[in-house]
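J.: Before anything else, here's the structure in question.
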Amino acid sequence: MAEQLEELGHKLKHTLPTAKLHASLVDIAVRDGIDVTWNATDVRRKFGVAGQDKLLDATNLGKVLEQRNANGLPSFWGTSADGQLDRVFYIMPGAIDEWAKCKTCNTLLYDTSHGTNPYNMKIGCFTTVGSSGQTVILAVSLLQHETAELFTWAFEKFGATFRVPPLVFFTDGDIAMEVAFKATNGSGGVFEGTS
């Protein structure tokens, strides 16, 4: 690696995750006509784990979720094929009892929002109208991508935890959510997507 790129790498390693640092160094090398003789693994070895990569290390999140499980609050997480955290599901305290109280009004609302956490995962809240008439958050999902596969995983965790499927499921009309709902709920409930 050229000396000026190495110097730049040391300056940027605390502000960029390794993958972005590698991409930036490659872009500069191509622009300046320097042969790219390294890969992302070489960049990680050379410059160490960047501060941003440490931020994205989910070790502490795993510990919190394990503690929740130990306290009787079901929590689940999983990783993608490359070992990156890409899915989290956890329930809120009292949620199972609240869902069980309202057997005739099992209406579930679910929608995701982007960019609300340092992992850039989409947070989705499973909410219902509780027995008191107020909105109640039952469970939360964090998903890396809004795909049918990850929505199916989250909906399966909801079903396994709460045991009674929703009679009506409201969301924003996301096709991937509809596919996941049908895969996990069969014909037992109504999917209502609004655009």
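Those letters in the sequence shown? Residues 1 to 195, per the working numbering, in order. Ideal Cβ placement from N, Cα and C applies to all residues, glycine included. Source: prediction; values computed, not measured.
Return yes when the Cβ of V64 is within less than 8 Å of the Cβ of S141, no when it is not.
T.: no
J.: Do you know how far the Cα of M92 is from the Cα of I137?
T.: 7 Å
J.: Pick out whichever of F151, D35, P166, E146 has its Cα sitting closest to the Cα of T128.
T.: P166
J.: Relative to the C-alpha of L73, which candidate in A176, G94, G33, D111 has its C-alpha closest?
T.: G94
J.: For A154, count neighbouring Cβ atoms within 10 angstroms of its own Cβ and tell me buried if that reaches 16, exposed if not.
T.: So A154 ends up on the buried side.
J.: Hey, would you say D172 sits closer than 8 Å to D111, going by beta carbons?
T.: Cβ atoms of D172 and D111: closer than 8 Å.
J.: Using the Cα positions of S132 and W99, report the straight-line distance between them to the nearest angstrom.
T.: 12 Å
J.: For A180, count neighbouring Cβ atoms within 10 angstroms of its own Cβ and tell me buried if that reaches 16, exposed if not.
T.: buried
J.: Provide the residue span of the alpha helix (DSSP H) that contains I96, from first to last.
T.: 95 to 101
J.: Could you work out which residue in F151, A70, A19 is closest to F126 when comparing CA atoms only?
T.: Ranking F151, A70, A19 by Cα distance to F126 puts F151 first.
J.: Quick check: is any heavy atom of the ligand NAP less than 7 Å from the C-beta of F151?
T.: In the structure shown, the ligand NAP is absent, as is every other ligand, since no ligand is present at all.
J.: Which residues mark the beginning and the end of the alpha helix (DSSP H) in which I28 is found?
T.: 18 to 31
J.: Which same chain residues, not among the five before or five after A2, have their C-beta less than 6 Å away from its C-beta?
T.: I34
J.: Identify which residue in A183, Q84, T107, Y90 has its Cα closest to the Cα of H145.
T.: Per the C-alpha coordinates, the member of A183, Q84, T107, Y90 positioned closest to H145 is Q84.
J.: At 3 residues or longer, and completely inside the stretch 147 to 171: list those beta strand (DSSP E) runs for me, N to C.
T.: 168 to 171
J.: Considering only C-alpha positions, which residue in the set V43, V36, C102, N39 is nearest to L16?
T.: The closest CA to that of L16, considering only V43, V36, C102, N39, is found on V43.
J.: So, at 7 Å on beta carbons, what are the nonlocal neighbours of T184 in its own chain, with the 5 sequence-adjacent residues on each side left out?
T.: T152, F155, E156, G159
J.: Alpha carbon to alpha carbon, how far is G62 from L108? Give it in angstroms, no decimals.
T.: 27 Å
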